[in-house]
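In our numbering, the protein residues as written are 4 to 116.
Each remark here refers to the structure printed beneath this line.
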């Protein structure tokens, strides 16, 4: 069990570094999408902010979890799981609210035959 637990901690650290890389870089695969041009700049800013807000605390929590003496589901792992889920849910809600006019289904606006 300890090997799998250490793997998850290392995986969390990898995810945190990945998020921070894209937060610093501000471009790349994470930013590629087919959204309308009018929302690209605002979307990039939102995604970059999300990467900062999620990456830094996740890295800190993962290092704390890795260095904790109790390796069996420590409080740090619970906090990091809850934090990541909260960040992802918050991002999706903010994204849907902020860009709702761009996300409307174009098929709904077609005239009926």
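Glycine included, every Cβ here is placed at the ideal spot set by N, Cα and C.
Within the model, the alpha-carbon separation for residue 105 versus residue 39 is close to 7 Å. Following the DSSP letters along the chain, one finds residue 60 inside the alpha helix (DSSP H) bounded by residues 40–70. Residue 73 carries a coil assignment under DSSP once its states are collapsed to helix, strand and coil. 49 is the residue among 49, 16, 30 and 63 whose C-alpha sits nearest the C-alpha of residue 101. Contact between the segment 28–46 and the segment 68–87 is not established, with fewer than three Cβ pairs separated by less than 8 Å. In its chain, beyond the 5 residues on either side, 19, 22, 23 and 26 have a beta carbon closer than 7 Å to the beta carbon of residue 58.
The Cβ atoms of residue 61 and residue 97 lie no closer than 9 Å to each other. Counted as a single uninterrupted DSSP element, the alpha helix (DSSP H) harbouring residue 80 occupies residues 78–101. Across the structure, residue 29 and residue 71 are spaced so that their CA atoms are roughly 33 Å apart. Per the coordinates, the alpha-carbon of residue 66 lies some 22 Å from the alpha-carbon of residue 52.
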